[in-house]
Every structure is written in structure tokens, then in C-alpha cells.
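Shown next, in C-alpha cells, is the structure this report addresses.
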Amino acid sequence: MKFEEHKTIFDRGAPERRAFAQRVDDTSDDLLADIPDGLLRVELPRLPEVSELQAVRHYTNLSKKNFSIDSQFYPLGSCTMKYNPRAAHKAASLTGFLNRHPLAPENISQGFLECLYDLQEILKELTGMKGVSLAPMAGAQGEFAGVSMIRAYHEANGDHQRREIIVPSAAHGTNPATAVMCGYEVTEIAVGPDGDVDLDELKSKVGPQTAGLMMTNPSTCGVFERQISEIASTVHEAGGLLYYDGANLNAILGKIKPGTMGFDVLHMNLHKTFATPHGGGGPGAGPVGVSERLLPFLPIPIVDKKEKEGDVDEFSWRSGSETEQTIGKLSAFSGNSGILLRALSYALLLGDEGMARVGEYATLNANYLAAKLSQSGFQLAYPDRRATHEFIITFAQEAKEHDVSAMDIAKRLLDYGFHAPTTYFPLLVPECFLIEPTETEDKSELDGFVEAMKAIRKEMLEDPQVLRSAPHTLPVRRLDDVKAARELNLAWSPS
Amino acid sequence: MKFEEHKTIFDRGAPERRAFAQRVDDTSDDLLADIPDGLLRVELPRLPEVSELQAVRHYTNLSKKNFSIDSQFYPLGSCTMKYNPRAAHKAASLTGFLNRHPLAPENISQGFLECLYDLQEILKELTGMKGVSLAPMAGAQGEFAGVSMIRAYHEANGDHQRREIIVPSAAHGTNPATAVMCGYEVTEIAVGPDGDVDLDELKSKVGPQTAGLMMTNPSTCGVFERQISEIASTVHEAGGLLYYDGANLNAILGKIKPGTMGFDVLHMNLHKTFATPHGGGGPGAGPVGVSERLLPFLPIPIVDKKEKEGDVDEFSWRSGSETEQTIGKLSAFSGNSGILLRALSYALLLGDEGMARVGEYATLNANYLAAKLSQSGFQLAYPDRRATHEFIITFAQEAKEHDVSAMDIAKRLLDYGFHAPTTYFPLLVPECFLIEPTETEDKSELDGFVEAMKAIRKEMLEDPQVLRSAPHTLPVRRLDDVKAARELNLAWSPS
Amino acid sequence: MPYIPHTRSDVELMLEAIGADDIEALFDEIPGELSEERSSELSSGLSELEMMLRMQERASRDEGNLCFLGAGCYDHHIPAAVWDVASRGEFMTAYTPYQAEASQGTLQLIYEYQSMMTQLTAMDVSNASVYDGASGLAEAILMAVRSNKSNKSGKVLYAEALNPVYLSATNTIISSQGIELERLPIESNGVLAINKKADQAPAAVVIQQPNFFGRLEQVDEITNWAHSQGALVIAVVNPMSLGVLKPPGLWGDDGVDIACGDGQPLGIPMSSGGPSFGFICCKSKFVRQIPGRVVGKTEDLDGRPGYALTLQAREQHIRRGKATSNICTNQGLLVTAGTIYLSLLGAKGLRETAIKSHQNTNYLREKLLQLSGVEDAYPGPVFNEFVLRLPVDANELVALMTEQNILAGLPIEGAADEGGVVRNKLLVAVTEKRTVPEMDRYLDVFSNVLGELST
Amino acid sequence: MPYIPHTRSDVELMLEAIGADDIEALFDEIPGELSEERSSELSSGLSELEMMLRMQERASRDEGNLCFLGAGCYDHHIPAAVWDVASRGEFMTAYTPYQAEASQGTLQLIYEYQSMMTQLTAMDVSNASVYDGASGLAEAILMAVRSNKSNKSGKVLYAEALNPVYLSATNTIISSQGIELERLPIESNGVLAINKKADQAPAAVVIQQPNFFGRLEQVDEITNWAHSQGALVIAVVNPMSLGVLKPPGLWGDDGVDIACGDGQPLGIPMSSGGPSFGFICCKSKFVRQIPGRVVGKTEDLDGRPGYALTLQAREQHIRRGKATSNICTNQGLLVTAGTIYLSLLGAKGLRETAIKSHQNTNYLREKLLQLSGVEDAYPGPVFNEFVLRLPVDANELVALMTEQNILAGLPIEGAADEGGVVRNKLLVAVTEKRTVPEMDRYLDVFSNVLGELST
Ligand SMILES: Cc1ncc(COP(=O)(O)O)c(C=O)c1O
Ligand SMILES: Cc1ncc(COP(=O)(O)O)c(C=O)c1O
């Protein structure tokens, strides 16, 4: 009905039109005379030709086609879609931070360096690790850094035969992908019917070839791995190291520390646990923490503090012999600094007592939602287990009896104004939702979600086609993914 | 469908819940012990009890129920809904401006004072007036200041018998309302069939009782008052003064100056002509400009410049004998300073050549839209006249033949994704739209509007009920205004 | 062309559709003698970067002062979420919500605002909004005089310790309405005596609480007295103070008739004093006399709840010369911010903020009064600010403290005096935002400067 | 509880529904030995005001320096509209657009981004996005080595004047993949000689344009040479430079195979170097080897256009250990900003910006070279930055200019040296944002400091 709703920014343009938001007077091609012709661009790129109003209106309206935490309950499992405090955004957007050049000398960077130092210390304290590097730019890069340190450790020990990383079958895709990027082979071990890993299989697969094991705890099955101490000793006894994928840290924040569980190395997802905005796909930050023996290998940069007697402390980038064994740099500068500043702001706002609450209320919300959904007739994947900060329901039965998939239910939820939980992950549970409400949602929002699920169940019984063809009230109806992949159209061209 | 869509912020609350965005530790009622009990509050007000996420989500979602310039074409006649440059917003939001206390001493306020001074000068130049005060906080307050100056002028001349202000019947409601607030009686004069005022009637009504005449030019009929010079001399010969309502200044910006037309005093609507955001009902700014003879009466504060030889200029608030005859202050401090800073930013961005373009392209857009609508079968109110920056179409015929009102068409336009033009104003044209596209809209947006109007015309012929019950795709359908006024419900109470 | 999207081909096609040769032709109805040569006294347009550089330079010149100035504008903390949400384009770039169906966001928000303000003031009805506290007082007085059916004298009394700039603006605005403003003098302790007598019964009485000196008036007694005289009572209140002080709707036996004030303390940056917003609340029976926008809850065709501007017959666009006020554009966006602010603070947050301000105020006041020669100009309980009597010229003290980037306060002499005489009184404001180190710095600099000036 | 909405009654009702006595009970599956006493080394929570004060204090410590540093991060003007729109909650607080129907905003924007980037680079396909330019180069090298079916040597040549931090990050990231990086040395004028010979045919060749010294490589010749060796060519480009420089898709006879770089110049604040975004573009035939998100246009059930993540079989969440990369969360919000930036500038605005940067760079370079003792380290045309050879220690010069709040540039010695030796080369960057007075101030301070150090 609305006119031009589907236009791209290119379609809105007209030759010669400009926004002039960036306007530079008196530039002429003559000023390029010193550059040889052969190195110059002849034809201008075809970029949008729009007015500033057109650009603002176009992207404002596009934004309105998104679901987001700010506008909807967004219980995406494994993603910790909690409220992103505006104060943290404001603090990180202070001009002194935004305008700092990454290579500005240390003596005029003390404010920034102190921030990074404080965050390193806070993360050490929360995880129980001995050292932290803030360098990795997201969880997956944190994993890369962590597994690279495992590799560096073994190599430093002359232990060259370790070529395998073990991951549970429920592991996130980044775990095996990371292991391979680090030059390892991946060995999967099964997860048992109660959601804990198959310890026997682990024992049978662990050995001198084992470089390490990567796992989350709580696991991606939404349960706490109870055998963690045994797993740890099994791996350690075989000379392997234990990697903690911190994506689920929110569940245990302030409760127990990965260090206590026996992990040697971990990453955190600050864009999850520390409430920095997801940005529609990033940026994130994936700091790594390590136990004593991995300290020398931490990626750089790292900030050190020189306490000066009777004077203000001095902060500096770690250098020299202390970084000789580092796995190195992971980015051009110091990672996603702006995100680190947000995470620090969040940590300062919460403080000790606030951190402790996170895990508790995230867990309360998940268990409540699990109880209510179970009472409403939905099937929990691990009904005998406590939910952690998240839990799984499976629609295997619904799929069989009503030919309605988890995907159909997910799409229908959108019509009810709720973002869908994570679907089809972990892969081992058929037709599943991984549901993570987070601690920042209130009871009535959870109750609304349960009502929607009940209403959808009713629709499934009465008119399942409504689900299969959902959504019905969004900017588009069900999209054709197959067409997207088969008839690749990855860039606009004039029609 | 969406759950809880209609809840108020109060309904979302729960006892004890708090956002903690403002949290002050260690406050206890004991700290109020020095205040006598009788002066203290006993029961807390019932304010929302929500989390920060709830508040952010609630108001984010409410905002999405608005049409706005940023999201829609908004051709509201007489309102100049042009693009509000983000740069002006950013400049006015600099912390040095936001954090300045209004009573900060002059010597640490030179940056701010210089801004106001520059704006005064720019407005003088653009309007051809001799002095400007930025004090009024919106157009209507500018009118008040202007008419008060007319009154002060006559009184200073001992001219006490002037008790009437003349306004054309097409005048905006604020004109007569202002005249009355200034203690005047209002005399209306008719507007002729060509949109110009009835000069004979004016001549017959003007006299020694006439304090002045208030008008816009272009008028609210969307045409340029061609007899303006004759009107001016008529009023002036009778000893009256001529007031220019600057709401339509956008039409002639950089083309002709109100001063040249013979106006003695005027206000500008910076939230129209100078592109400051309307904010869903303000804030605005309504600076007044005057000719020589009204200079002593300008409202305060006003900024003066002392040029210091070989040194930086010094800016100060006008005081002492120069303000002896001022009509006085209009607000606690210096008016809507933040808006003034935005207007200055806009003026700096446009500069001389940019100002000249405003009137031209605003006029081009209006004439184009008028031509296209006329060619599509709609009836222009003044078909033989040029449109100015706006124009009127009348649905008198459609109303008679199809029982469809201007309101019905307006509401249906909303379904097509366009904000409706101003309806039923000016009152003298029946069933009318006053349409002002502004210079910042592009041709394809205007063409889209014409297409929508044509589609609506087709619907009117085929199924007029669709119009009468419109809108159909907005958050609510047609609202019951009568019920709103009859069963007054002006504040939430627990249900 | 900055902000103008027209391409050459657009212009050609458009002129063709119009049937005009060039844009100039569209102005052919303007008599030739009016079209002068374009003046070019204005400089040419700046790029966004150049403009920002200029404005940055100016803003930075005025920056970095520690604020102990109040007098109607206060330096409170503003939660980050307030303006992040209020600045959304859909709030910021919408017009007054005339097309209700396309403005439900703003309209529901205003309804919520009205609900919050009536709760805060304990009044029945709130408008949304008037320009500021000062002009709002003028509107309230006009409203009261109109509303008082039994007293048409036009006589309005006001307590002397009324913010003098409120008084000036009011004088300007009501000057042609035959209203006579008369001062009720204060006692030496800075507040009204209770046993007032008026020669002629007033139509309205204006009481500011806390008053301009920060002092607390005996609002119950004055309200009862005014009502006994047949006057309507107008309260001028600081909304932040209502977190702890008795709301005007509960003053005396019947509550005041109209409460007004400035919303700046509710999440609005000081911004040189504007924009902020003025509020007016009243008893139900006066709702048809209230100026400005009012939103009512109603239903749509399907019976769903919705909101619309209502009682528009009060307003200039309908009633023209007979409207309750000429106000049209008001301070919508600030109302938006204030509403979000109040929803983020809640009653508890507001109360905490008010208590903390009070605590800080008392802290600084007590410490200052320990300095030799510094006296309490108006002894007794205060909220948010207080007045000192100094052994030196307050202007000189302020000037010297300004050099050390401290805005020491406002020099005053009596209530309404704005002249250039030597002033030895200083009005000092302290909010919850001031930390102890900041207050101690104030004390330090103050006592040094005092020493300097005394010798 | 900050950010936690639970009231006591909520908690009770929820525990009841769960059938648990208290929240602690929900953790009863955690083996007792793991639940230690809560550490309390962390300080307790700050209020928003306190946190802001602390962060403000720190931010302000590092503020107010005039920036002539570049080396991969540039101080360009960012139009105000970019972040006003990009910061909208719907962009900022959405996840990766897995649920396509509820993410059309982000998805269409990414499609538009891909379109802009392919135009800018003259390549067929763009991803969206990788972390930054440095790690992106590593991904591009991995991609090239995977893609080159005819050369499995794992040997990758790079032009010496590659940004050294790009090289370090690449080394870290590719270290376990059996790839051998080999340097192609530059000539004394700072660019590659054209008649290179390789002992062994490389699988890929990496060329940065402009190179780390700002100098312009003979990209056509090098590309042709590399292709003649059977190598894939990877271009590392500054997107801003593509407003004036030949796009990598047109280098040589066939264009490069992969173009990558950092999007920071496109509307991203310097922000200590991150977050920005890395881009990778390639020829169509390599699309299945590209890492990161890719959005395709498709249709919905009603045939309306719509957008969705596509080719997901490349990605870790589907392909796990066989994915093209482990990347998951990338730099979405910066892509959003970059897209808005490009749409606001358009090709003309981008070109103007690039030309102005070039003009400023040449201005400062020429003036500096007039100072006695200052030499051109790498003579020849540059874009955006240049290298001086100084008669003094560059570190000392930088230190002294820093004292006057000027970031003079980056001291370097050769291309990849990061050690602590005395450096007499200085890499200086100038963008369109620097005004003539600012550059003249640089010159002034520079020559004073030079004088000081020379005596
Ligand atoms: C369990 C798990 N591990 C790792 C990751 C990867 O983190 P990132 O997306 O920050 O790279 C995720 C993110 O979705 C995850 O859920
Ligand atoms: C013609 C005319 N005059 C005066 C005004 C009043 O201006 P304001 O709303 O700024 O008070 C308006 C505003 O709508 C108007 O259109």
C-alpha cells in the first residue's frame, strides 16, 4: 500500500543529486595532476545519489523493519540479548574517547589506558583467571586466540604430537571452525540424554594427541555440565588443556568462576555478558583470560600499570621481554576499544553486587519460562534438569503430528511481536528452540511470551497453515532462502 | 495481535520496580528532619514503576506510532515541515552549550553571546529590519511581542484611541488571539475570490482607531498578496502599523524582504523557516524584527557587540537606558536558546546562496504539485494564481457528490504512507487541503503523493466507504473525537 | 545544493509540468518594485565541518564551570536514556499531533505526561505545555482571573519572594489585561507572614514554593487565607521539590486551584535557560480555562483505545480571538524528555534525588555559615538553594570565583531588584549532582576569595 | 536492582511456578565444591552519575590533540546524520539477522552496503564484514590460498610497504596454516620495482595501495605480473582513496581477485582504532570461498522483494570445522554507519573528500620539505600520507610536539621494524579535515621543535 516501500537507496537517487553533508569547496581534478593517469580512477563508482533527507528517511524507515531489544523481547538462545544500558553508550561516546587516535603516545593516553587496565582487572577477578588480554574482537577471535595459546603452550613444551581438539557435539560452530583455523583436527564427543557429555566417550578419545577440549558450561543444551571436574582432570591428565567458551558466562556470573572449574583458558563475549549492543551483527569483544601457565602467550596489546609512589599511577602498553612469547596481534590496533569502554562502564554500574545478581536473575527467568511452557504443554528437551540461563524445548512431536516445524512456530511468534528464540541449535536436539530470556526482562513480558506460545499452539491445532505461511504482519512474508542461494543477487544493478 | 500493544507506561509497572537510571545512595527521610512535617509530602506520587528497559522499549515503540519528517513526506501547510539538518542538532548539543547556566556571567559566556549576536544580524539582513530580538519562544509569542510593541509605540506617542487590530479572514488563529491578549479588538476583513484581501473593505475599516494590521505574505491562501504596497500605505496613512506574520517566510526567503514590502514589525518561526525540529509540538523560536521607529520597544534580552580595537570583540546583554522602553521580558531567561543555536547553525550552513534557494525551490515544488494535482482532476482553490510555497485544493465538489470529506481523504492518505496536508484551514475555503511540500522534498516523493491522491480518487468513485472509515493500516483506526471531549479522560488511573 | 534535492533534469521536468520557463517566472505575481537586488551581506554557506568547527570553538569558550547557580534553572543529572529516546526522529521531527491516527506515539506520551504531572502536583488536570515557568505563570494568572467568577477586580497578590524574572515576564504578558499585581511583603526570615490582610479582596494569590530564596512558605495557611478571601490560589512549584514537599493539590483544606512551574529540573539540560517547558495543572472545574494542548483518551472505530487532542474549543486555531491563550507551538519535545525522565526515576528516584539535593544544600550552607562574616540572610528551612549575606560585594566575589571556574551563585538584593547597586546577598543552589569534593572546592575558593576581598 | 526488573512479589510468584524455594535452589545442580565464597574484590556499583563522572574525567585527560597520525586510522569528518541514524535502537540492539523477516532493515542495508562496496572496488561481490583491515587481510590470504586451485604451495608474496601491523596480525592468524609469507622488497623511492622475479611461483600476491608510506604502487604492472605467475592478487586498499584512485577491480588486465581493507575512513570515529570494520570483495568465481556474512535478494511468499543471509553453507554455524572462517559476530553496526556515510557522500562527495585530503597532504608535505634538514624519504606521488627523513630522532620530535598537543605522526624505520632503535623517519597523515591554520600551526611547531632538537 505504501508507495516505494521496497526501493533501495539506489532507486531513490537521481543523477547529480547530492546530500552535501560532506562538501568540500574548491576541489578540482587538477589537484590530482601529480598522480600518474594510469593510477587514477576514470569512472566514478555508482554510489547512491540522494539528498540528506532521503538518506535519513530511507535508513530511518529501514530501521523500523528490524526487531531489536529496544523494541521487542528477543530471547535468542546463546546470544544474551539483555538490555544495553544507554549510559554505557554515552560514556564510550565521549569525544575524548571517540577522537583518540590508536597510535597516540602513551603519555597523552593515560585515561584510555587506565580504562583498559581496569577492565582487565575486573575480568580477571570475575573469571578467576591470572591474566587477561582484551585484544580479540569477538567471541570467535577470542576462541582463536585461546586455542592459539594452547598450541603455543604445547609447542613451547616441545609437545608437537598434539593435533586434536575435542568438542562436544552440542558445541557452537565457531569451536570446531576455530580449532581448524588453528591447525587442529576436531574430534566430537557425544552429549548424553541428560545433556551432560558422554564421559566414557571422552575418556576413550582423550590421549597424547589431545591438545585440548573446548566447551561451554552451562552447555549449549541449557544445562550445567555436572561432571566438569572429572572432565577437567581427564583432559589434564592426558596433558591437554581445557578451553572455556564464555558465551554462556551470563549464567554463572558472580556465582562460580571458570577458573574454579579447572579451565585453563577462556574467552568472554562482552557483547553478551557485558551488555554491549549487538549492532545487528557486531561489533563485539572477546577478551581472553588464562591461567598461570598460559600467561606468556597472551595476545597483545595488554596494558600494564606502574605504581608510582606518592604519585599517580602510570599505564603503558606491555612490551619487551614480557611479550616475547605472545601469540601476537589480532588486529591493527587494540581491538574493539569502543566496546571495551562500554563493557567497563557496565561493570562499574553493576559493581560486585550487580554482577552477582546477573546470573541469579537470568537463571530465575529461564527456569520460570521453562516451567510455564512445560505447564502449557510444550516439551522440554531436558525435563529432569534445571534450566540454566537458557533452556531448550523441542517440537519433534508437533512436527510429526501436525507437520509444523520449529521454523513455522518461530515465524509465527514474530507476528505476535516477539523475536523468535534460536532455532535448530544445538543440532542434536531435533526441531528445537534454545530460549534465553536474560535477567533484564520482567515477568509480564515472559507471561506475554507464554500466552503467545499457547495461542500459537491453538492455531496449530485449528489451522496449521497459518503457522506454515507465517509471518503475516511483518514487512515481508516468509522469504525464499533457496532462491536467495540459487539465483545469487548480491548487489544492486539498475533495473 | 501483538501483546500489550496498548498498555500505558503505568500498566507496565509493578510496585517496587525501579529503573535506577538515577540512583542516589544513602538517602533517608531523616535528612528531611529540618523541614516542618506540615510542609512535607506524605504519600509518594503514583509515577510509573518500570525498569530502564521497559521505559526505553515503551517509548521506542510509542515513537514508532508517529509519522514524522524523518520517516514520511509531511506536507502540512503553513508548517514548513522541511528536513531538520542533523548537523544543527549536533552543534546545539555540544556540551559547552547544553551545560551553560542562563545566569553565567558575561565574561565566561562570550561564545554563546556571539552566537546570539550573529543570529540577530543574520535575521536583520534577511528581513530588512533594523533590529531583532530573539526572545520570543514561538511564533505566537513573537506575535505577542510584535503587537505589544505596536501598542507601546502608540502609547509612547500619546495615541491612545487606537484599539483595533485588523486581520484578514484567512489569518491564522494566533493572530486574532494575540491581538486580544494585547488588549485589542479584532476587525476582520474579507479575502476576495482571487485570494487577495478586499482592499475596499480594508479602506472602509481602517481609521484612527486602527492600531495596526496583521498579515502574512504570501497569505495563508497560498498566494502572494499583490496589493501589499497599497495595503501598507493605506494602513500607514491612517497611522497604523503593519505586522508581518513570518510563518510563510520560507516562500520568499532570499527573494524579497518584508521590510521592503512596508512592514514595521514581524516575527519569524525559526522552527519553520530555519529548519529547527518541531518536536511533536515545539519547542520553536519566534524572533521579532522591527523597523527604526519600534527599536526602543524590542523585548529583552538582546545581545550587543562592543568592537574593541585590535582586540577580540566583546558581547554583552543590552541594558541601561537602551532598554528603558522595552516591552520587557517574555520568559525567565533568554528564550529557547537551544533552538536559536540550531537556527544559527542552519543559517551558517546555507549562507547567502543557500537562503536564496530556499524560496525558489519551495515555490517550485508547490507549483509542481499544484499543477500535477490539478491535472489529475483536483480543484485548486485559486486556479488562476501562482502557488507560492504552498497552495490550496478544495474537495467541496467531492463532498457534495460523493459524501466524502477532506478529513476522509486526509485519513486515507495516511494509509498510503503520507502525512496529510493541513485540513480545513484557512477556514474560508470549504473542505480544503493546504499543501506545503517544502524545498527539501524530491520530485519522486511529490510524484508518489500525486499517485496516492489519484488512487484515493479512484477509491472514492468505487468504494467511498474505504475513505470514510480510513485509516485502516495505522496503529488505530479513525478516532472518536466527540467521545474524547465528552467523556473527558485526561489522566491514567488504575483500572 | 545543501538540503535541496533537485537535479537539473528534475527542474526541467517540473517547470514543463507547470508550464513555466524558469523558476523566476513562478514569482511573476510579485510586483516588480518589491524584488530588489539580492543583498549579499550574508557570508556564503559553510560546509558541515566548517560550521561544526565554528560552533565547537564557541561552545568550548563557555565550558568547564562548576555550577552553583540556580534561580530557576538547575544542574541535575540526566539519565542517558532520556535524550537517546527523546531524540528519535519520530519524536523530534513530528508536528503537533493534529492527525491523531498518525501521531499516537506523541499523543499517548502526552497522556502519560498529564497523568504523571497530576500525580506529582496532586491536581486533577494537566496541560501540555506552555513555554516556560515564567510565561506559564502569566498564563496561570490570566486563567485564574478569567476563572474567578465571583471576583472580577483583576487584583492579583503575589508573595514577595517570587522569582523576579517570573514577575518581569508576567508583567510583560499581562500588561494589557487590566490586571493589578500587588506584592505581599515577606518577613525578615524570607517568607510571608501568615496573618496577611488585603484592603480589597484579591481575585488570585500567587505563592512560590520553595520561594526564590529557597525558603519554604507556610503554604497551608496562606492557601486557606486566600481561599477565605474568595481568591483562587496559584502555586508556583519546582517539580523536583515535589519528591519531598507537599504537593499543591494538598495545600490547605482544599488545595490550590492552579499549579504551575518549569519542568527544567526533569531531565532538561540547562542550555542557557531554554528550551525547557512550562506546566499548568488545575482543578477539574477549570479545565475549560486551561491554556495549551490537552490530550484525552478515546476509542477508535474498532473500540481500541487511542488518544487525541481534546477540548480544542479552548484553542486559538478553533476559537481564534476568544481562545484561552494564543499559544500554538509549545514545548513538546521537552515534555517528551520530561516524561521519559519521570518514568525512569519513578517516585522513589525522584524522592532520592530531592533528598540528596537537600542534603547537599544543607551541607554547603552549614559550612559556609561557619565562615566569619558570612550570615544567613533568611534563616529557616530551605530546599535546593539558600541566601547568604556577605561582608563583601557579592558581585566581586562572584567575579573572582568565576576566574577559578566556579559559578558561585547569583548576587541579589531583596527580591525583585535587578539594578546595579552593591549587592551583598548571594543566592546559592546545590543539586544532587554536586559531589563532596566539589562542594569542598567551593568552600575553599570561597573562603580564599572572601579573605582576599576583606583585606 | 539496576537493570533487573524483578520485584519481590515477581520473584515469589516465579519461584512458586518453578516449585523452588529460593533462587539459590536453581543452582543446586552445580557441584558444591565449585561454589566458592563470592569474591568481593570488585568495588560496589556506581550510579550512572558517578560512572559518567569517572569516564568523563578519563576521556578528558586524553582530549584536545590535533591529529596528523594515520597509519591505517584517519581523522576524517563524519556527517552528523551518520551516527544519529546508525545509533537508532533498532540498528544498535538487533542481533545478526538470522530471522530474516524480522530483520529486513539490517538485511536490506547490508545488501545496499554490498552494492556500494562492489561499486567502490569494481569487484563483483562483497561480504559484510570482517573485524578490521588487518585481520581481514589474513582472511583474504586464507581465502586466496584456498581458492588458488593450481598453486598449492602456500607461498604468499607481499609488497614490503605493507602496513606492518597488518602484517603482524596476519602472521598471528595464518600461523598454523602452512602458509609462507615472503616479502617483495621496495626500491629506495618506497614502492615496488616492477620487474620482480620469484624463485617459486606464488599462490597469492598482496599489494597495498596507497602503501604504508602513502606512496602509490604500479598496481597495473604488479597485478599483471602476479597473474602471469599464476598467483591470485589481493589488494589492500583505503576505501576513501578509491574516490580518486583506480579501483582494484580494474588493476592490470583482469583486475585483482580479492580486495580488502578497513572501512574506518567511511564515517567511523578513530576511537582508539576500533570498532571499525574490515571488508572483503572478490570476483564472482570466488564467492563460495569468501568469509563472513553475505546477503542476497530474494522474494517472499507473495513475490515481494526481500533480503536474507545467503550462502550460509560457507559459515561456521552450518559448516562448522569446514567453514571458510570461524567468524560469527562481525562489525555490523559499523557497516551500518559506513553505508549511511557512503549514501550521504555519494561518489562526488567521496571524490571531493579524497581530493581535498590529497591537496592538504601535498600542501603540508611541500612546506615541510622546505625546512632545512628535512628530506623526502620516499619521493614520488602519495595519497593521504607521506614519510619524511628527519635530521633528528623522530621520537623526540614527536614527544616535544605532543607537549604542544599536536600528534606529529608516527616514527618509523623502514617498513616492518617495530623495535626501539633510533628512528629518523616520520609518517605524517593529512585529511580533508585539517584546515590551513591547523597545518600552519603544525609547520610552526615542527620547525621550532626541529630547531630546538638540532642545537
Ligand atoms: C556458544 C557460543 N560460542 C561462541 C560464539 C561466538 O561468539 P562471537 O559471535 O562473538 O564470535 C557464540 C555466539 O553466537 C556462541 O553462542
Ligand atoms: C500563519 C501562522 N501564523 C502563526 C503561527 C503560530 O506560530 P507558532 O506555532 O510558532 O506559535 C502559525 C503556526 O502554525 C502559522 O501557521
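Chains as they are written, first to last, in my numbering: chain A, 1 to 495; chain B, 496 to 990; chain C, 991 to 1445; chain D, 1446 to 1900. Glycine included, each C-beta is placed from N, C-alpha and C at the ideal position. Quick caveat, the model's predicted, so the values are computed rather than measured.
Around alanine 1531 (chain D), the same chain offers Leu1778, Thr1781, Ala1782 and Ile1785 as residues with beta carbons nearer than 7 angstroms, after the five sequence neighbours per side are excluded. The set of residues with any CB-heavy atom separation to ligand 1 below 5 angstroms comprises, in chain order, A:Ser78, A:Ala138, A:Gly139, A:Ala140, A:His172, A:Thr174, A:Asp245, A:Ala247, A:Asn269, A:Gly284, D:Cys1773 and D:Thr1774. Cysteine 432 (chain A) is bridged by DSSP to A:Thr394. Alanine 901 (chain B): member of the alpha helix (DSSP H) spanning 901 to 910, first to last residue.
Annotation for phenylalanine 1891 (chain D): no beta strand (DSSP E) segment contains it, though the alpha helix (DSSP H) segment containing it runs 1881 to 1899.
For histidine 884 (chain B), the distance from the CB to the nearest heavy atom of ligand 2 is not below 7 angstroms. As summarised for the stretch 1012 to 1099 of chain C, there are no continuous beta strand (DSSP E) elements at least 3 residues long confined to that stretch. Here the distance from the Cβ of threonine 1083 (chain C) to the nearest heavy atom of ligand 2 is not below 7 angstroms.
Contact annotation: valine 1590 (chain D) and alanine 1649 (chain D) have beta-carbon atoms nearer than 8 angstroms. A contact between stretches requires three or more CB pairs, one per stretch, nearer than 8 angstroms, and the stretch 932 to 945 of chain B meets this requirement with the stretch 855 to 871 of chain B. Closer than 8 angstroms to the CB of phenylalanine 568 (chain B) there is not a single CB belonging to chain C.
In this structure, DSSP gives tyrosine 569 (chain B) a state outside helix and strand, which the three-state scheme calls coil. Neighbours of methionine 1042 (chain C) in chain B, taken as residues whose beta carbon is under 8 angstroms from its own, are Ala582, Lys585 and Ala586 in chain order. Its Cα nearest to that of serine 523 (chain B), the residue C:His1348 stands out among C:Arg1379, C:His1348, C:Ile1176 and C:Pro1371. Contacts with chain A at 8 angstroms (Cβ-Cβ) include aspartate 1074 (chain C). With contacts defined by Cβ atoms closer than 8 angstroms, alanine 1768 (chain D) and proline 45 (chain A) do not form a contacting pair. Boundaries of the alpha helix (DSSP H) around proline 176 (chain A): 174 to 181. Each residue's CA atom was taken as its position, placing glutamate 1605 (chain D) and glutamate 1627 (chain D) some 9 angstroms apart. When Cβ-Cβ separations below 8 angstroms define contact, arginine 1294 (chain C) makes no contact with chain A. Those residues of the stretch 816 to 848 of chain B placed with their C-beta closer than 7 angstroms to a C-beta in chain C are Ile822, Gly823, Lys824, Leu825, Ser826, Ala827, Phe828, Ser829, Gly830, Asn831, Ser832, Gly833, Ile834, Ser840, Leu843, Leu844, Leu845, Gly846, Asp847 and Glu848, ordered along the chain. By DSSP's assignment, threonine 422 (chain A) forms a beta bridge with A:Leu434.
In the structure shown, tryptophan 1670 (chain D) falls within a helical segment according to DSSP collapsed to helix, strand and coil.
Rounded to the nearest whole angstrom, the CA to CA distance from isoleucine 1631 (chain D) to isoleucine 1586 (chain D) is 21 angstroms. Exposed is the label assigned to histidine 160 (chain A), since fewer than 16 other Cβ atoms lie within 10 Å of its Cβ.
At a cut-off of 8 angstroms between beta carbons, threonine 1326 (chain C) makes no contact with chain A. Approximately 7 angstroms separates the beta-carbon atoms of phenylalanine 1202 (chain C) and proline 1154 (chain C); this is inside 8 angstroms, confirming the contact. Taken in chain order, the members of the stretch 889 to 912 of chain B whose beta-carbon sits within less than 8 angstroms of a beta-carbon on chain C are Ala905, Lys906 and Leu909. For proline 1750 (chain D), the enclosing beta strand (DSSP E) has its first and last residue at 1750 to 1754. Isoleucine 108 (chain A) and glycine 1515 (chain D) have their alpha carbons spaced roughly 17 angstroms apart.
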